[in-house]
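Right, one structure below, let's go through it.
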Amino acid sequence: MIILQFRDAIDDSLLAALKRFGDVTDVETPRVKLTVTRDVVPRMLASVLDSYQVDDVVVEDPPLEDIIAAVFSEVTGGRVNKIDDDAFQSIGDGQGL
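Per our numbering, the sequence shown starts with residue 1186, numbered consecutively.
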């Protein structure tokens, strides 16, 4: 995930330019959050920093919860299985799921 804080307001042409590199997940002018693959980061930052006035850049790995959800989504074919709190309690009681 990349968070960019621009000096000026964000317009449609800037958003279009950012969408070429990844998914724009949040816009709160003048801040934008993007999800991009790791190999795109250097090229994207070089392009943005060369073309726009940027006050701050934050590059983060995705939250662990998002990674785990993506793995389980792939394993279950997109199905989401809900396990209630009672099931987790029974594990501690030695009763299992």
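For each residue, glycine too, the CB sits at the ideal point set by N, CA and C. Note that the structure is a prediction, hence the values are computed from the model and not measured.
Opposing strand residues paired with residue i [DSSP bridges]
i, result
"V1226", "For V1226, which the question treats as bridged, DSSP gives no partner whatsoever."
"Q1190", "R1216 and D1241"
Sequence-distant residues of its chain with Cβ nearer than 8 Å to residue i (five each side left out)
i, result
"V1226", "I1187 and V1244"
"P1247", "M1186 and T1220"
For residue j and residue i, the rounded distance between their alpha carbons
i, j, result
"T1210", "L1203", "11 Å"
"Q1255", "D1241", "Note that residue 1255 corresponds to Ala in the displayed sequence, not to Gln. Taking the straight line from one Cα to the other gives about 29 Å."
"K1218", "F1257", "24 Å"
"A1201", "T1222", "17 Å"
"S1232", "R1205", "11 Å"
"I1195", "E1213", "9 Å"
"S1236", "F1191", "11 Å"
Assumed close pair residue i, residue j - CB separation to whole angstroms, cut-off 8 Å
i, j, result
"L1199", "V1239", "Not really, about 11 Å apart at Cβ, beyond 8 Å."
Closest by C-alpha distance to residue i, when choosing among the options
i, options, result
"D1251", "D1197, T1220, S1236 and D1224", "T1220"
Contacts around residue i, its chain only, beta-carbon distance under 6 Å, and the 5 residues preceding and following it disregarded
i, result
"G1207", "L1219, T1220 and V1221"
Beta-carbon proximity list for residue i, same chain, < 7 Å, skipping 5 on both sides
i, result
"L1230", "V1242"
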